[in-house]
Amino acid sequence: MHEILGIPEYLWRPILAGFFSGIACSIVGVFIVTMHLSFLGICIAHSAFTGALFSLWIGWNPLAGAILFSLIASAIVGPLADRGELSPDTSTGIVFSTMLGLAFLFLGLIPGSKASALSLFWGNILTVSRTDIIILAGIATLLIILFTVFYKEIHIVLCHRQVAIYVGIPSALIFYLLIIATGLTIAVSLQTVGGLLIYSLLLNPSASAYQLTYRFKYMLILSILFGIISCWGGIAISYKFNLPTGATIILISSFIFILSAILSPKKQIKRVKNV
Amino acid sequence: MTIEENSKYVIELQNISVYYNSHTALDNVTLSFRQGEFAVILGPNGSGKTTLLKVLSGLCKIQKGSVKILGQTPSYYNFLLRRKIAHVAQIESIDPRLPITVRESVAAGRAGICGLGRPLTRVDWQLVDSLMERVGISHLANKPIGHLSGGERQKTAIARALAQQAPILLLDEPTASIDPIAQKDILDLLEHKIDLHSFTTLYVTHEIAMMPNRCDRIIMLQKGKVWADGKPEELLLEEKLEELYGGNGFCCSSRFGFHHSHH
Ligand SMILES: Nc1ncnc2c1ncn2[C@@H]1O[C@H](COP(=O)(O)OP(=O)(O)O)[C@@H](O)[C@H]1O
Ligand SMILES: [Mg+2]
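Here the protein sequences come in this chain order: C and U. Sequential numbering from 241 applies to the first sequence in our numbering. Sequential numbering from 12 applies to the second sequence in our numbering.
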């Protein structure tokens, strides 16, 4: 067996996939968590999943359908969240349930064995292809560039939406860039953790980081760190104990969240506010 | 009058109307403001003051009429124009857990004009620090913005607006929803530490007691209409104010010595 740095060769792909997925999902998660757009995240995640099933039905590459559908969902749901419509939750809920309905429709329509379709539910990080890794690396790099170049704008849009508009930041532009990045990240990460679990990888690392710091820069760094730890920890533990990898990744990220919530300096504030 | 009669108009509103569904928030308002003018907009709650300022920033669609600011038409997408308008909005509640500090929040005032994708320079940060010093929030620089009191947040918003170095300054009830001591503090800040005549300033308030001294002009709004428009000495009369406020909600202030001016 070939080994690189003492790690068997066939484990390198999941390790790299986990690394880039962890980075991409955690960065997008900072956007979702800080702006309280969890439902929007769920909605786009399910749309990507539906798109992948659609692709399998008509014989495309699942990634193409996932990207297409997540962008369609972003185009519908984005403006609702952007313009502060009366109840974006209701409209988002309708998009969400329609997508879920379509997902099961396509699942039923896929001819022959449903194995490849079912693997989209929980993903399979162990079988990611070289192309998948290159695409994941691409999207992670893109996100890092986006958050570095537009750091000051993104920080203010995320934390101070109204202020961003008043001081003349093109906040709609920034918001849509982030929505599109969310759609792409989810679509691309589907292979790694699967349609049912992707959302936790999006939310848990950034929600944990949100608990721990008041500095946006540290929140980003911690979130990325938690994302990578979850992925790598999940791969290592599932490999050692022969567990499903996707599920293990998510459970580790949930564990990090629980720890962060316990250690959070913001706990006090929330309690005071709730009284 | 401290402004010159022949200085040019920077804000021009022509017959504008704003409706929220069937409710009329602004009704055929025509107003213009010269460069360097300091106007107070006075009117009871719901008279359309906030709506008027939002129209100027392009954040409220007008159904009728036209608006020109520095020769441009404001709109939601005209973010470049908003960089020239420093807008201190009415206090809103914010999430106390938000990851942004007071200093970063003041620096947001530089973020627009600095340009997309350009980090703030050392000069920008020096301005931010000196403005925090001026409004008296230097000691709060690294506190999360959500942990401030109402008065401290208002000072942060004022420092942010000044950081924008814009020719137009809009202040929407800068003393509302904060405790009385902080109110005095903010009023003192606006009257003595900032030269409101160096901007074209629109200062909105519904409380007569919170009127700043030394304004050039007072515009009284009632039910979305311009009810009166003139110099302070013509309009700050007890009977006028009582009529504007319809007898209720009007508390006479000794600040302007109404009791004496009556006779
Ligand atoms: N988004 C809105 N939808 C419906 N009505 C509104 C909205 N904003 C303001 N109004 C109404 O328009 C009127 C003017 O509001 P506003 O400009 O906020 O007044 P002010 O600032 O003078 O208190 C009020 O009667 C208010 O209820
Ligand atoms: Mg108001």
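Glycine is no exception: its CB is placed at the ideal position from the N, C-alpha and C atoms.
>> I want to verify the contact list: residues of chain C whose CB lies under 7 angstroms from the CB of P85 (chain U), in sequence order.
In response: Numbered from its first residue, the second sequence carries residue 85 (chain U) at position 74. Chain-order list of chain C residues neighbouring P85 (chain U): empty, with the shortest C-beta distance near 11 angstroms, by a criterion of under 7 angstroms.
> Are the C-beta of G57 (chain U) and some C-beta of chain C separated by less than 9 angstroms?
Replying inline: The residue you call residue 57 (chain U) lines up with position 46 of the second sequence. No, no contact with chain C.
>> What are the residues in the segment 90 to 102 of chain U lying within 7 angstroms of chain C by C-beta distance?
In response: F90, L91, R93, R94, H98 and A100
>> Taking the straight line between their C-alpha atoms, what separation do you get for L326 (chain C) and N444 (chain C)?
In response: By 1-based counting over the first sequence, the position of residue 326 (chain C) is 86. By 1-based counting over the first sequence, the position of residue 444 (chain C) is 204. Low confidence applies to L326 (chain C): its pLDDT is 49, below 50, so where it sits in the model is not reliable enough to give any reading.
> Do Q451 (chain C) and P302 (chain C) have their CB atoms nearer than 9 angstroms?
Replying inline: As a first step, residue 451 (chain C) is located in the first sequence; it is residue number 211 there, counting from the start. As a first step, residue 302 (chain C) is located in the first sequence; it is residue number 62 there, counting from the start. No, these two residues do not count as a Cβ contact at 9 angstroms.
> Whose CA, out of U:I52, U:S18 and U:L63, lies closest to the CA of T35 (chain U)?
Replying inline: Residue 35 (chain U) sits at position 24 when you count from the first residue of the second sequence. Of the candidates U:I52, U:S18 and U:L63, the one whose C-alpha sits nearest the C-alpha of T35 (chain U) is U:L63.
> Tell me the DSSP bridge mates of P155 (chain U)?
Replying inline: As a working note, residue 155 (chain U) is residue 144 in the second sequence. U:T112.
> Would you call R45 (chain U) buried or exposed, if buried means 16 or more other Cβ atoms sit within 10 Å of its Cβ?
Replying inline: Position 34 of the second sequence holds residue 45 (chain U). Counting the other Cβ atoms within 10 Å of the Cβ of R45 (chain U) gives 16 or more, which makes it buried.
> Taking a cut of 9 angstroms between CB atoms, which residues from the segment 375 to 395 of chain C lie near chain U?
Replying inline: V389, F390, Y391, K392, E393 and H395
> Any heavy atom of ligand 1 within a distance shorter than 8 angstroms of the CB on S58 (chain U)?
Replying inline: Reading the second sequence from its first residue, position 47 is the one you call residue 58 (chain U). S58 (chain U): yes, Cβ under 8 angstroms from ligand 1.
>> Using a Cβ-Cβ cutoff of less than 8 angstroms, which residues in the same chain neighbour L417 (chain C) once the five nearest sequence positions on both sides are dropped?
In response: On the first sequence, position 177 is the one that residue 417 (chain C) refers to. Answer for L417 (chain C): L386 and F390, listed in chain order.
>> Whole angstroms are fine: how far does the CA of A122 (chain U) sit from the CA of G305 (chain C)?
In response: Counting from one through the first sequence, the residue named residue 305 (chain C) turns up at place 65. Counting from one through the second sequence, the residue named residue 122 (chain U) turns up at place 111. Straight-line Cα distance between these residues: approximately 38 angstroms.
> In terms of residues, what are the limits of the beta strand (DSSP E) holding H286 (chain C)?
Replying inline: As a working mapping, residue 286 (chain C) is identified with position 46 in the first sequence. Element bounds for H286 (chain C): not the beta strand (DSSP E) but the alpha helix (DSSP H), S278 to I298.
> Since E184 (chain U) and V146 (chain U) are thought to touch, with beta carbons under 8 angstroms apart, how far apart are those beta carbons, to the nearest angstrom?
Replying inline: For the purposes of this step, residue 184 (chain U) is taken as the residue at position 173 of the second sequence. For the purposes of this step, residue 146 (chain U) is taken as the residue at position 135 of the second sequence. With 8 angstroms as the limit, E184 (chain U) and V146 (chain U) do not qualify as a contact, their Cβ atoms being about 17 angstroms apart.
> Looking at V29 (chain U) and ligand 2, is the gap between the Cβ and the nearest heavy atom below 8 angstroms?
Replying inline: Against the second sequence, residue 29 (chain U) aligns to sequence position 18. Judged by the Cβ position, V29 (chain U) fails to qualify as a neighbour of ligand 2 at the 8 angstroms threshold, every heavy atom of the ligand being at least this far.
> Using a C-beta cutoff of 9 angstroms, does K354 (chain C) count as contacting chain U?
Replying inline: For the purposes of this step, residue 354 (chain C) is taken as the residue at position 114 of the first sequence. No, no contact with chain U.
> What are the uninterrupted segments assigned as alpha helix (DSSP H) that are 4 or more residues long and contained completely in the segment 12 to 89 of chain U, given in chain order?
Replying inline: The segment 12 to 89 of chain U is shown to contain whole alpha helix (DSSP H) runs of 4 or more residues at 60 to 68, in chain order.
>> Rounded to the nearest angstrom, what separates L436 (chain C) and S278 (chain C) at their Cα positions?
In response: Looking up residue 436 (chain C) in the first sequence gives position 196. Looking up residue 278 (chain C) in the first sequence gives position 38. Going by the C-alpha atoms only, they are around 15 angstroms apart.
> So the alpha helix (DSSP H) K392 (chain C) belongs to, where does it begin and stop?
Replying inline: Taking the first sequence and counting its residues from 1, one reaches residue 392 (chain C) at position 152. Here the alpha helix (DSSP H) through K392 (chain C) covers Y391 to C399.
> Cβ of D183 (chain U) versus every heavy atom of ligand 2: is any distance shorter than 8 angstroms?
Replying inline: Position 172 of the second sequence, counted from the start, is the residue given in the question as residue 183 (chain U). Under cutoff, so the answer is yes.
> Which residues in the same chain have their Cβ closer than 8 angstroms to the Cβ of S68 (chain U), if we skip the five residues on either side of it in sequence?
Replying inline: To locate residue 68 (chain U), count along the second sequence from 1; it is residue 57. These residues qualify, in order along the chain: P85, R93, I96, H98 and L181.
> By how many angstroms is the C-alpha of I468 (chain C) removed from the C-alpha of I80 (chain U)?
Replying inline: Position 69 of the second sequence holds residue 80 (chain U). Position 228 of the first sequence holds residue 468 (chain C). Approximately 50 angstroms, taken between the alpha carbons.
> How far does the alpha helix (DSSP H) with K457 (chain C) in it reach, from first residue to last?
Replying inline: Residue 457 (chain C) sits at position 217 when you count from the first residue of the first sequence. Unbroken alpha helix (DSSP H) run through K457 (chain C): F456 to F481.
> Which class does E244 (chain U) belong to by DSSP, given the choice of helix, strand or coil?
Replying inline: What you label residue 244 (chain U) is simply residue 233 of the second sequence in a count that begins at 1. In this structure, E244 (chain U) counts as helix in the three-state DSSP scheme.
> Tell me which same chain residues have a C-beta within less than 7 angstroms of the C-beta of G260 (chain U), skipping the five on either side of it?
Replying inline: On the second sequence, residue 260 (chain U) is found 249 positions in, with the first residue counted as 1. Note that G260 (chain U) scores a pLDDT of 48, beneath 50, so its modelled location is shaky; the value from the coordinates is reported in the next line. Excluding sequence neighbours, G260 (chain U) sits near P55.
>> Please classify A355 (chain C) as buried or exposed, where buried requires at least 16 neighbouring CB atoms within 10 angstroms.
In response: Looking up residue 355 (chain C) in the first sequence gives position 115. Exposed, since its Cβ has fewer than 16 Cβ neighbours within 10 Å.
> What number of angstroms, rounded off, separates the C-alpha of G363 (chain C) from the C-alpha of V397 (chain C)?
Replying inline: Here residue 363 (chain C) is taken as the residue at index 123 of the first sequence, counted from 1. Here residue 397 (chain C) is taken as the residue at index 157 of the first sequence, counted from 1. Going from the Cα of G363 (chain C) to the Cα of V397 (chain C) covers about 33 angstroms.
> For L349 (chain C), which residues of its own chain have a beta-carbon under 8 angstroms away from its beta-carbon, when the five flanking residues on both sides are left out?
Replying inline: Taking the first residue of the first sequence as position 1, residue 349 (chain C) is located at position 109. Within the same chain, L349 (chain C) has close Cβ partners W297.
> Whose Cβ in chain U lies nearer than 8 angstroms to the Cβ of Y450 (chain C)?
Replying inline: The count along the first sequence starts at 1 and reaches residue 450 (chain C) at position 210. In chain order: R108 and P110.
> Quick one: Cα of N116 (chain U) to Cα of I156 (chain U), how far?
Replying inline: Here residue 116 (chain U) is taken as the residue at index 105 of the second sequence, counted from 1. Here residue 156 (chain U) is taken as the residue at index 145 of the second sequence, counted from 1. One point to set straight first is that residue 116 (chain U) is Ser, not Asn, in the sequence displayed. Those two C-alpha atoms are separated by around 7 angstroms.
>> Could you compute how far the alpha carbon of E23 (chain U) sits from the alpha carbon of A172 (chain U)?
In response: By one-based count along the second sequence, residue 23 (chain U) stands at place 12. By one-based count along the second sequence, residue 172 (chain U) stands at place 161. Each residue's Cα considered, the two are about 22 angstroms apart.
>> Can you pull out the residues from the segment 454 to 475 of chain C whose beta carbon lies closer than 7 angstroms to at least one beta carbon of chain U?
In response: Y454, R455, F456 and M459
>> Between K506 (chain C) and chain U, is the shortest Cβ-Cβ distance under 9 angstroms, so that the two count as touching?
In response: Residue mapping note: residue 506 (chain C) aligns to position 266 of the first sequence, counting from 1. It does; some Cβ of chain U falls within 9 angstroms.
> Which residues in chain U sit within 8 angstroms of T274 (chain C), going by Cβ to Cβ distance?
Replying inline: Counting from one through the first sequence, the residue named residue 274 (chain C) turns up at place 34. Residues of chain U passing the Cβ test: L109 and P110.
> Does the beta-carbon of H286 (chain C) have 16 or more other beta-carbons within 10 angstroms, so that it is buried, or is it exposed?
Replying inline: On the first sequence, residue 286 (chain C) is found 46 positions in, with the first residue counted as 1. Burial call: buried.
> Hey, out of U:K234, U:H208, U:D190 and U:M231, whose CA is closest to N224 (chain U)'s CA?
Replying inline: Here residue 224 (chain U) corresponds to residue number 213 of the second sequence, with the count starting at 1. Among U:K234, U:H208, U:D190 and U:M231, the Cα nearest to that of N224 (chain U) is on U:H208.
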